[in-house]
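A short write-up of the structure that comes next.
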Amino acid sequence: MGTVDAPVTMVVFSDYQCPFCASWSHETLPIMMDYVAEDQLRIEWRDLNVFGPESEQASKAAYAAALQEGFWEYHDELFADGDIRDPAELSEDALVELAADLGLDTEQFTTDMRSDPVAEQILINQQLGTDLGAYSTPSFIVDGQPMVGAQPTEVFVNAVDDALAKTAR
-12 MGTVDAPVTM VVFSDYQCPF CASWSHETLP IMMDYVAEDQ LRIEWRDLNV FGPESEQASK
48 AAYAAALQEG FWEYHDELFA DGDIRDPAEL SEDALVELAA DLGLDTEQFT TDMRSDPVAE
108 QILINQQLGT DLGAYSTPSF IVDGQPMVGA QPTEVFVNAV DDALAKTAR
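Here you go:
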């Protein structure tokens, strides 16, 4: 999300079964989106599935939604109200139903969610996180600086503001 040439980039490594990821997405992400709206920040989302097969299934679904330009809406529903979904709500049928609720083409969504390219991209994102030392979620890289855990919002605001100040020099 955000312009490719934004002065600061934040990479988020998250898991759809991580309660701290859900909390961060509900409380801090909206503040970060203000920076995105001002073309100061680009947010790149990467799945780091540490909580099992339901996490991986949710990642594939979110990626399938992204292929229809619906990633953020789908993401927001997976973390609705800052909570994670019960694992039963991450079955293929439940995830397709959520896609339908969001107006996505469910036939294409299902095809994409089951596809090898989507599975491969999820593995690539996972490997990127572990290669960078992200073994737990949420983990972040803000302007090249690693951050681990759902820190208070002000920690992220300060990190982005500091990075912006460095780019202004």
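Each residue of the sequence shown is one higher than the last, beginning at -12 in the numbering used here. Virtual Cβ for every residue (Gly too), placed ideally from N, Cα, C.
Q.
Please classify R72 as buried or exposed, where buried requires at least 16 other C-beta atoms within 10 Å of its C-beta.
A. The sequence position of residue 72 within the sequence shown is 85, counting from 1. When all chains shown are included, R72 counts as buried.
Q.
Under 8 Å, with one C-beta from each stretch per pair, do the stretch 28 to 36 and the stretch 64 to 84 reach the 3-pair mark?
A. Counting Cβ pairs under 8 Å, fewer than three are found: no touch.
Q: Can you give me the start and stop residues for the beta strand (DSSP E) that R29 sits inside?
A: The residue you call residue 29 lines up with position 42 of the sequence shown. Run containing R29: L28 to D34, per the beta strand (DSSP E) assignment.
(Q) Can you look up P133 in the DSSP assignment and give me helix, strand or coil? (A) In the sequence shown, counting from the first residue as 1, residue 133 sits at position 146. Residue state, collapsed to three classes: strand.
Q. Per DSSP, H1 forms a beta bridge with which residues?
A. The residue labelled residue 1 in the question sits at position 14 within the sequence shown. Residue identity differs from the one stated: residue 1 is Ser in this sequence, not His. Answer is D34.
Q: Could you tell me if D34 is buried or exposed, where buried requires 16 or more neighbouring beta carbons within 10 angstroms of its beta carbon?
A: Looking up residue 34 in the sequence shown gives position 47. When all chains shown are included, D34 counts as buried.
Q: With S46 as the anchor, note down where its alpha helix (DSSP H) starts and where it stops.
A: Taking the first residue of the sequence shown as position 1, residue 46 is located at position 59. Here the alpha helix (DSSP H) through S46 covers P40 to A53.
Q: Could you check the C-alpha separation between G120 and A81 for me, to the nearest Å?
A: Sequence index remark: in the sequence shown, residue 120 carries index 133 (1-based). Sequence index remark: in the sequence shown, residue 81 carries index 94 (1-based). The alpha-carbon atoms of G120 and A81 are separated by roughly 32 Å.
Q) Do the stretch 134 to 142 and the stretch 59 to 67 touch if we need at least three Cβ pairs shorter than 8 Å? A) The stretch 134 to 142, when compared against the stretch 59 to 67, does not touch it at the 8 Å Cβ threshold.
(Q) Helix, strand or coil for V126? Go by DSSP, reduced to three states. (A) For the purposes of this step, residue 126 is taken as residue 139 along the sequence shown, with counting starting at 1. Strictly speaking, residue 126 in this sequence is Ser, with Val absent from that position. In the structure shown, S126 sits in a strand (DSSP, three-state: E or B).
Q: Go ahead and pull the three-state DSSP assignment for T117.
A: The residue you call residue 117 lines up with position 130 of the sequence shown. Looking at T117 - three-state DSSP - the assignment turns out to be helix.
**Q.** Same chain, Cβ closer than 7 Å to V(-2), five either side skipped, listed in chain order
**A.** On the sequence shown, position 11 is the one that residue -2 refers to. Within the same chain, V(-2) has close Cβ partners E31, R33, F127 and I128.
Q | Opposing strand residues paired with T(-4) [DSSP bridges] | A | Sequence index remark: in the sequence shown, residue -4 carries index 9 (1-based). Paired residue(s): R29.
Q) Would you report the Cα separation of P133 and S1, rounded to the nearest angstrom? A) The sequence position of residue 133 within the sequence shown is 146, counting from 1. The sequence position of residue 1 within the sequence shown is 14, counting from 1. When rounded, the separation of the alpha-carbon atoms in P133 and S1 is 14 Å.
Q) Is it true that the CB of A45 sits closer than 8 Å to the CB of Q100? A) As a working note, residue 100 is residue 113 in the sequence shown. As a working note, residue 45 is residue 58 in the sequence shown. It is Met, not Gln, that sits at residue 100 in the sequence shown. The answer is no: Cβ separation not under 8 Å.
**Q.** Where the alpha helix (DSSP H) through F143 begins and ends
**A.** The residue labelled residue 143 in the question sits at position 156 within the sequence shown. Per DSSP, the continuous alpha helix (DSSP H) segment holding F143 begins and ends at T140 to A155.
Q: Could you tell me which of A(-7), M20 and T(-10) sits nearest to F143, measuring between CA atoms?
A: Taking the first residue of the sequence shown as position 1, residue 143 is located at position 156. By alpha-carbon distance to F143, the top candidate from A(-7), M20 and T(-10) is M20.
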